[in-house]
Amino acid sequence: MSIPLSWYLILSAALFCIGLFGVLARKNAVAILLGIELMLNAVNINLVAFWRYGTGEITGQVFAIIVFAVASAEVAVGLALIISVYRRRSTVIADDLDLMKW
Amino acid sequence: MTPEQIIFILTAALIVGTAFLVVTTRNLVHAALWLVATLFGVAILYGLSGAGFLALVQIVIYIGAIAILFIFAVMLTRKEMRDKGAQVNRNWPISAFLALLVFGGLAFILSGWDGFSATASSVPVSGDTLTALGKALVSPDAFVLPFEVASILLLAALVGAVYLAASNKE
Amino acid sequence: MTFWNDPINFIADWLQDVFIGWGASTSVAEVITSLIGIVVMILFAMVIAIALVWVERKVVARFQDRLGPNRIGPFGIFQPFADIVKLVIKEDIIPAGADRVVFNMAPVISLASVILIWAIIPLASNIYGVDINVGVLYLVAVGSFGTLSVIMAGWASNNKYALIGAFRMVATMISYEIPMVVALMIPTIISGTMSVQGITQAQSSVWFAILSPLGFLLFMISAIAELGRSPFDLNEAESEIVAGFHIEYTGMKFGLFYAGELLHAFTFGGFMAVLFFGGYGGFFGLENVAGFTWLSNPFIELIVFLVKAMIGYWIIMWIKYSMPRIRIDHMLAFNWKFLTPLAFVLLMVTALFDKLLAPTQFYVAGMFLSNVVLGWIVIEILRKFSKHERVLQENPAEPVVIQAANHGQGVS
């Protein structure tokens with residue numbers, strides 16, 4: 086017998102939660118972006134699983150390709166922002182970027 | 007245990023194990039390299055599901071571009087090449103508890119859904135998926151609008167990233 | 470199906486029967502046979518890599534008007550074995566402060582990314598590893614592993630020259646991936662499929678190099694840049710930054726990088742042959758004539774493919790040993806300001822003419838002429854641009870500025 090859908094969904098939930106932990110618990114801004122990447126990949130696994138176990142429409146794969154594009158755009162701009170912040174403040178520790186807090 | 011299931015379990019172990027290493031290791035360049043391993047595992051998973059084109063696109067985009075961007079960014083945003091001290095902030099036990107809670111919640115909600123244990127895959131995976139994907143992305147009654155909007159998004163991101171990264175020559 | 474008509478399937482079936490005779494189940498026998506096939510393919514690639522060491526050294530010697538290795542064996546053909554022995558007995562140094570695991574894995578990933586390409590190369594109509602329907606994209610995907618190995622090597626060496634060399638090489642490789650992908654789309658559009666077998670078989674009447682010579686040139690230039698060979702070899706400019714990203718590698722690890730680079734060049738020669746010059750085919754229907762059916766024998770096709778791949782590799786070597794190195798900013802400007810716009814325009818022109826001319830009989834002439842016209846337009850634009858640059862250089866703009874300043878201040 087082949088793979089049940091539940092395996093894909095549990096795997097993607099686990100990957101999402103690991104990414105969530107990475108976003109919430111890391112200090113370095115680049116490491117936070119790494120966690121966001123893990124979450125996006127978890128979503129993609131979900132989409133491809135639903136394409137596979139669906140009724141033959143191609144929607145899941147199309148959605149996954151759009152997510153690829155969005156993830157690339159977000160990483161590019163996010164890392165450019167981080168490098169720009171590093172040039173001004175010489176730090177990328179997220180806790181130290183607190184100029185606008187009261 | 008069919009070979010497919012064995013490969014799935016090994017791939018899932020690779021993905022979850024390396025993802026855990028990504029979020030816990032102290033050396034950030036190692037974290038980026040573990041991310042490469044995670045992305046490769048996800049690509050294997052796509053190949054296993056019959057989405058061969060997506061698997062290769064995952065390797066080209068994520069490993070070939072995004073992971074390398076991460077490695078460059080890690081190297082360019084530090085004064086010395088070593089990472090010192092712990093890389094988790096002081097809220098990490100709460101974050102771990104929250105992540106476990108979300109996982110438990112998701113698993114609980116999903117197990118109550120009646121399609122959860124759909125075993126046999128009913129999609130005949132053949133070479134036609136590539137043509138169907140291409141047609142779906144450009145046909146007006148399918149997904150050409152999200153496709154074009156994604157192109158504009160990428161253009162905006164391109165211009166923005168170049169401007170941000172080059173804006174120190176004032 | 471005899472051995473001479475269909476060697477791989479014949480041997481695979483025979484091996485499977487042997488394993489089932491030994492008591493294994495069908496699926497296990499299939500898996501073991503596949504593994505043996507993988508090992509045989511890798512061995513084939515590595516044997517070719519050994520021969521390429523000799524070919525490279527002889528050819529570079531002849532280009533530089535000297536003899537090359539001629540002491541070990543007749544014409545020096547056992548030189549690669551002497552090289553291998555030398556590399557193996559060298560001391561394996563890991564620099565202090567280097568990251569051991571990453572340092573050791575980089576050459577392995579570099580060589581693996583080259584050998585992985587051999588899974589899809591069609592050596593003959595039924596000698597190939599696997600025929601996936603996205604073969605062209607697989608080539609690009611595996612190239613990105615090579616990029617990763619370069620940056621791993623550069624960072625793990627704990628050496629600033631290695632890091633600078635790695636940054637430059639990765640910048641080059643990522644930038645030149647874009648014209649390469651677009652140039653790979655051109656055979657895809659003309660043949661209608663991304664599978665490498667399909668592209669080879671679609672060239673049975675006319676080669677794609679005739680239908681799209683600009684596409685071939687574009688692919689060749691971006692492939693040479695992807696390989697990191699001269700004139701784009703700023704990463705390993707021996708006279709500039711010592712040896713680039715593999716400066717700290719000694720012994721067999723350096724041998725892995727070196728063999729990987731040579732095999733990568735040969736593999737790209739093979740891809741130039743497959744995508745644009747007909748691959749293993751090329752007799753244009755002669756093999757259907759009565760007396761010549763032996764021309765469609767897989768072994769003849771294998772020899773044809775190897776000859777064409779060697780010609781492609783010769784062209785890459787010729788360019789390497791005749792041209793000086795290009796500076797990094799010129800390299801990147803060349804890519805972003807010339808190759809990428811040209812690639813996109815060529816893609817649009819090819820798609821347009823392919824759709825318009827496909828049903829007519831002007832297809833070959835029309836596609837060829839469209840490329841020639843596009844090439845002529847590009848050369849005209851370049852000529853105007855370089856004339857403009859030359860005029861600017863010879864007449865510096867200073868007098869005009871001073872006159873304008875005087876005029877602005879009202880001083881007559």
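Chains as they are written, first to last, in our numbering: chain A, 86 to 187; chain B, 7 to 176; chain C, 470 to 881.
Note that the Cβ used here is the ideal one computed from N, Cα and C, for glycine as well.
Bear in mind the structure is a predicted one, so any value in this text is a computation, not a measurement.
A direct Cα-Cα distance of roughly 10 Å separates glutamine 666 of chain C from valine 599 of chain C. Residue A/Ile151 holds the alpha-carbon nearest to the alpha-carbon of asparagine 126 of chain A among A/Arg137, A/Asn113, A/Ile151. Counting only unbroken stretches of 4 or more residues, the alpha helix (DSSP H) elements lying wholly within the region 53 to 128 of chain B are 58 to 64, 73 to 82, 98 to 117, in sequence order. Glycine 47 of chain B is not a Cβ neighbour of threonine 8 of chain B, given a cutoff of 7 Å. The region 619 to 638 of chain C makes contact with the region 574 to 588 of chain C; the number of CB pairs closer than 8 Å reaches 3 or more. Rounded to the nearest whole angstrom, the CA to CA distance from threonine 144 of chain A to phenylalanine 106 of chain A is 30 Å.
Linking isoleucine 590 of chain C to threonine 135 of chain B through their CA atoms gives a straight-line distance of about 23 Å.
The beta carbon of leucine 606 of chain C sits closer than 7 Å to some beta carbon of chain B. For the region 169 to 186 of chain A, the beta-carbon criterion of a distance under 7 Å to any beta-carbon of chain B is satisfied by Ser169, Tyr171, Arg172, Val177, Asp180. Put simply, of C/Tyr718, C/Ile659, C/Gly835, C/Leu732 the residue whose alpha carbon is nearest the alpha carbon of alanine 514 of chain C is C/Leu732. Asparagine 602 of chain C is classed as buried because its beta carbon has at least 16 other beta carbons within 10 Å across all chains shown. Against chain C, the CB of phenylalanine 26 of chain B has no partner CB under 7 Å away; the residue lies outside that interface. In this structure, proline 648 of chain C sits near leucine 808 of chain C, with a CB-CB distance shorter than 7 Å.
In summary, glutamine 672 of chain C is buried, with 16 or more beta-carbon neighbours lying within 10 Å of its beta-carbon over all protein chains present. As a beta-bridge residue in DSSP terms, asparagine 113 of chain A pairs with A/Ile178. If you look at alanine 734 of chain C, you'll find it in the alpha helix (DSSP H) that goes 720 to 745. Rounded to whole angstroms, the separation of the alpha carbons of phenylalanine 752 of chain C and alanine 834 of chain C is 20 Å. The Cβ neighbour count for histidine 715 of chain C, taken over all protein chains shown within 10 Å, is at least 16; the residue is labelled buried.
One thing to note: alanine 734 of chain C has its Cβ no nearer than 7 Å to the Cβ of leucine 62 of chain B. Under the DSSP assignment, isoleucine 769 of chain C falls in the alpha helix (DSSP H) whose first and last residues are 767 to 791. Residues of chain B whose Cβ lies closer than 7 Å to the Cβ of alanine 631 of chain C do not exist, since the nearest Cβ in that chain is about 12 Å away. By a beta-carbon distance limit of 8 Å, methionine 786 of chain C contacts glutamate 525 of chain C. Their separation comes to about 7 Å.
In this structure, B/Phe76 is the residue among B/Met81, B/Phe76, B/Phe103 with its C-alpha nearest to the C-alpha of glutamate 159 of chain A.
In terms of Cβ geometry, glycine 720 of chain C and lysine 559 of chain C form a close pair [threshold 7 Å]. Among the residues facing chain A, serine 55 of chain B is included, as its CB has a counterpart in that chain under 7 Å away.
Looking at C/Val639, C/Asp552, C/Glu730, C/Gln670, the one whose alpha-carbon comes closest to that of glutamate 770 of chain C is C/Gln670. Counting along the chain, the unbroken alpha helix (DSSP H) around phenylalanine 677 of chain C starts and ends at 677 to 680. If you draw a 10 Å sphere on the C-beta of arginine 698 of chain C, you find 16 or more other C-beta atoms in it, and that means buried. Residue pairing by DSSP places alanine 593 of chain C opposite C/Ile596 in a beta bridge. With its beta carbon at least 7 Å from every one in chain C, isoleucine 50 of chain B lies outside the interface.
In the same chain as glycine 566 of chain C, and ignoring 5 residues on each side of it, the C-beta atoms closer than 8 Å to its own belong to Asn627, in chain order.
Cβ proximity to chain B below 8 Å picks out Val639, Ile643, Glu646 from the region 637 to 650 of chain C.
Within chain C, no residue has its beta carbon less than 9 Å from that of leucine 160 of chain B; the closest one is some 13 Å off. Put simply, the region 635 to 651 of chain C touches the region 689 to 698 of chain C. At least three CB pairs are less than 8 Å apart. The CB of asparagine 113 of chain A comes closer than 7 Å to the CB of Leu34, Gln93 in chain B, given here in chain order.
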